[in-house]
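S.K.: In the working numbering, the protein residues as written are 78 to 439.
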RNA sequence: GGUGCGGUAGCCAAGUGGUAAGGCCGAGCUCUGCAAAAGCUCUAUUCGGCGGUUCGAUUCCGCCCCGCACCUCCA
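#1: Please tell me whether residue 177 and residue 133 are closer than 8 Å, where the distance is taken between their beta carbons.
#2: Please report the residue range of the beta strand (DSSP E) in which residue 211 lies.
#3: Going by Cα to Cα distance, which pick from 207, 236 and 229 is closest to residue 223?
#4: State buried or exposed for residue 187, treating a residue as buried only when at least 16 other CB atoms are found within 10 Å of its CB.
#5: Where does residue 424 fall in DSSP's three states?
#6: Looking only at its chain, what residues have a beta carbon closer than 8 Å to the beta carbon of residue 84, apart from the 5 residues adjacent to it on each side?
#7: Within its chain, find whatever has a CB closer than 7 Å to the CB of residue 432; leave out the 5 residues flanking it on each side and keep chain order.
#8: Quick check on DSSP: helix, strand or coil for residue 79?
#9: Among the candidates 286, 304, 271 and 324, whose CA atom is the shortest distance from the CA of residue 293?
#10: Can you give the Cα-Cα distance for residue 288 and residue 264, rounded to whole angstroms?
#11: If we ignore side chains and look at the alpha-carbon of each, how far apart do residue 353 and residue 384 end up?
#12: Give me, in chain order, the residues of the same chain whose beta-carbon lies closer than 7 Å to that of residue 261; leave out the 5 immediate sequence neighbours on both sides.
#13: To the nearest angstrom, how far is it from the Cα of residue 213 to the Cα of residue 151?
#14: Can you give, in chain order, each stretch of the alpha helix (DSSP H) that sits fully within the segment 311-395 and has at least 4 residues?
#15: In whole angstroms, give me the CA-to-CA distance for residue 286 and residue 201.
#16: Among residues of its own chain, excluding the 5 on either side of residue 371, which ones have a beta-carbon nearer than 7 Å to its beta-carbon?
#17: Once the 5 residues before and after residue 210 are set aside, which same chain residues still bring their CB inside 6 Å of it?
#18: CA-CA distance, residue 336 and residue 351?
#19: Using only alpha-carbon positions, find the residue among 138, 216 and 119 that is nearest to residue 79.
#20: In the structure shown, what three-state DSSP assignment does residue 120 receive?
#21: Round the Cβ separation of residue 145 and residue 302 to the nearest angstrom and send it over; I've been treating them as touching at under 8 Å.
#22: From the DSSP output, which residues share a beta bridge with residue 309?
#23: Could you compute how far the alpha carbon of residue 167 sits from the alpha carbon of residue 423?
#24: So what's residue 134 in DSSP terms, helix, strand or just coil?
#25: Do residue 267 and residue 220 have their C-beta atoms closer together than 8 Å?
#26: On the DSSP letters alone, give me the boundaries of the alpha helix (DSSP H) that residue 192 sits inside.
#27: Could you tell me the alpha carbon to alpha carbon distance between residue 333 and residue 258, rounded to whole angstroms?
#28: Excluding the 5 residues preceding and the 5 following residue 304 in the sequence, name in chain order all residues of the same chain whose CB lies nearer than 8 Å to its CB.
#29: Are the CB atoms of residue 171 and residue 113 nearer to each other than 8 Å?
#30: What's the gap between the Cα of residue 252 and the Cα of residue 272?
#31: Check whether the Cβ atoms of residue 121 and residue 430 sit closer than 8 Å, and answer yes or no.
#32: What's the C-alpha gap between residue 140 and residue 100?
#33: Between residue 311 and residue 349, which are expected to be in contact by the criterion C-beta below 8 Å, what is the C-beta distance as a whole number of angstroms?
#34: Beta carbon of residue 147, beta carbon of residue 193: below 8 Å?
#35: Whole angstroms is fine: what's the gap from residue 374's alpha carbon to residue 160's?
#36: Using the C-alpha atoms, what's the distance from residue 439 back to residue 409?
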């Protein structure tokens with residue numbers, strides 16, 4: 078039975094299929110920015126993607142799925158954090174990468190097959206930016222930065238259905254940048270000594286030294302590890318715009334090929350009915366919950382308790398319920414363990430997952 | 001303002017054009033017993049509101065109300 082999954086671009090439930098002649102399903106999942114501990118909202122997305130990855134392997138075969146998830150290890154936030162601690166950027170990002178891995182392991186998430194870093198792919202990103210400049214989709218600004226020219230890509234906005242004039246209305250961040258149009262976004266950011274410290278690389282031809290913009294990293298890394306066209310691209314809903322919209326623009330203009338055949342976005346985890354934030358005091362990390370005595374698998378269970386494309390309200394009560402439910406499930410498993418592996422019930426669980434990743438039913 | 005996702009029992013949460021899965025909590029019972037655990041049973045005449053289509057709608061259509069999210073670097 079094929080896997081059917083909602084596609085954010087067409088807004089329809091469609092079957093997942095590999096497109097490459099080798100039969101390997103190419104799966105790209107936007108990863109975390111490593112400057113602080115990931116919170117459980119982040120992990121909801123990663124746990125959902127873990128279920129999806131396991132399901133894909135069941136469908137196509139363990140060696141017929143290539144799962145890539147990046148690590149954003151250079152951007153405004155990582156640089157700011159390094160500056161605050163007055164330590165090298167690499168030290169900060171390594172620390173939080175290790176923490177992220179430990180949390181993923183605790184939550185029983187499989188490691189992706191490739192976990193590329195932005196700093197490890199500067200060359201690829203620069204190549205891509207130069208390609209876009211050659212083709213007229215990008216331009217150098219007065220300060221040496223490079224911007225993507227949205228007007229050069231007529232299909233811009235197809236994923237998020239946003240119109241350019243709407244962007245302009247709400248855009249208030251038009252500061253010292255030297256863009257042609259306010260909605261153009263940065264591909265390469267020129268070095269600013271007082272903000273960036275020693276973080277800089279040689280830029281694209283004709284541009285200043287500096288660092289890549291956020292969006293280009295996923296375009297460059299997915300191209301390197303999965304090719305010009307990938308079968309499935311996933312992430313949280315918040316990435317739909319502008320991140321994924323921009324990825325499409327960059328990749329399709331540079332490669333002249335469809336970027337992703339299928340898009341999937343998981344909804345946010347809410348805490349106490351609203352989105353998580355440090356200022357609201359409703360910000361949980363896995364460590365916070367373990368300190369309260371909850372088990373990692375109960376957290377995983379709680380994160381999967383709602384439909385992935387529906388906002389899920391997380392509370393300590395729900396975690397408590399997860400812990401109890403899990404105990405009951407374990408008791409059942411213990412009572413019928415040996416013979417149950419091939420049981421019909423298991424097939425029902427898989428069927429529910431194949432139907433648009435319906436984890437609650439499963 | 002624009003764009004999405006939702007509103008189902010005390011709480012969390014599936015689902016279907018033919019009369020509401022499951023989990024948590026709670027209650028009762030059984031068996032142990034100091035207690036706990038475990039097992040069994042019960043817990044929405046009703047699916048945000050109002051119209052419409054229909055033999056029949058929670059499920060389809062329209063309008064309205066409410067919540068949440070995104071709208072330049074947040075999974």
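By construction, the Cβ of each residue, glycine as well, lies at the ideal position given by its N, Cα and C atoms.
M.R.: Let me spell this out:
#1: no
#2: From DSSP, residue 211 is part of no beta strand (DSSP E) but of the alpha helix (DSSP H) over 199-211.
#3: 207
#4: exposed
#5: Three-state result, residue 424: helix.
#6: 90, 91, 339, 340 and 341
#7: 81
#8: Residue 79: coil per DSSP, three-state reduction.
#9: 324
#10: Rounded to the nearest whole angstrom, the CA to CA distance from residue 288 to residue 264 is 9 Å.
#11: 19 Å
#12: 224, 225, 226 and 227
#13: 26 Å
#14: 322-332, 363-368 and 373-380
#15: 15 Å
#16: Hits under 7 Å: 396 and 400.
#17: none
#18: 33 Å
#19: 138
#20: helix
#21: 5 Å
#22: 104
#23: 44 Å
#24: In the three-state DSSP reduction, residue 134 falls in the helix class (H, G or I).
#25: yes
#26: Element bounds for residue 192: n/a, residue is neither H nor E.
#27: 24 Å
#28: 97 and 103
#29: Result no, Cβ atoms of residue 171 and residue 113 do not sit closer than 8 Å.
#30: With a pLDDT of only 46 at residue 252, under the threshold of 50, the placement of this residue in the model should not be trusted; the figure read from the coordinates follows. Rounded to whole angstroms, residue 252 to residue 272 spans 15 Å at the Cα level.
#31: In this structure, residue 430 does not lie closer than 8 Å to residue 121 by Cβ.
#32: 10 Å
#33: Not confirmed; about 27 Å, so no contact.
#34: yes
#35: 36 Å
#36: Annotation: residue 409 to residue 439 spans about 16 Å, alpha carbon to alpha carbon.
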